[in-house]
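First up is the structure itself, then whatever we jot down about it.
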Amino acid sequence: MSRISSPCVSICALDEQDMCLGCYRTATEITYWGRYNDDEKRQVLERVAERERRSFNFTATLTANPTTNKEPS
């Protein structure tokens, strides 16, 4: 049986919602990772994948539409 690896990429910085900007886990998920069973870890990884997709889509939208995110004059 293979072990489920942590998604940590050693870029540890939490945003204002306590989500890591490197691995997209919440502070709680990071804290309890070692205590989670494999099913719980898979659930975390599913949430991580969704957060990463949303983050990528948001960034891509900002990059594609730079005029929509300018400060008003």
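Okay, so the sequence shown: first residue is -16 according to the numbering used here, each after it adds one.
Heads up, the beta-carbon is just placed ideally off N, CA and C, and yes, glycines get one too.
Since this is a predicted model, take the numbers as computed values, not measurements.
DSSP state of L4 mapped onto helix, strand, coil:
Your numbering for residue 4 matches position 21 in the sequence shown. Correct three-state label for L4: coil.
Starting from I(-13), follow the alpha helix (DSSP H) in both directions and report where the run begins and ends.
Within the sequence shown, residue -13 is the residue found at index 4, counting from 1. That residue, I(-13), is in no alpha helix (DSSP H); it is neither H nor E in DSSP.
For V(-8), does the count of other Cβ atoms within 10 angstroms reach 16, so buried, or fall short, so exposed?
Counted from its first residue, the sequence shown places residue -8 at position 9. Exposed.
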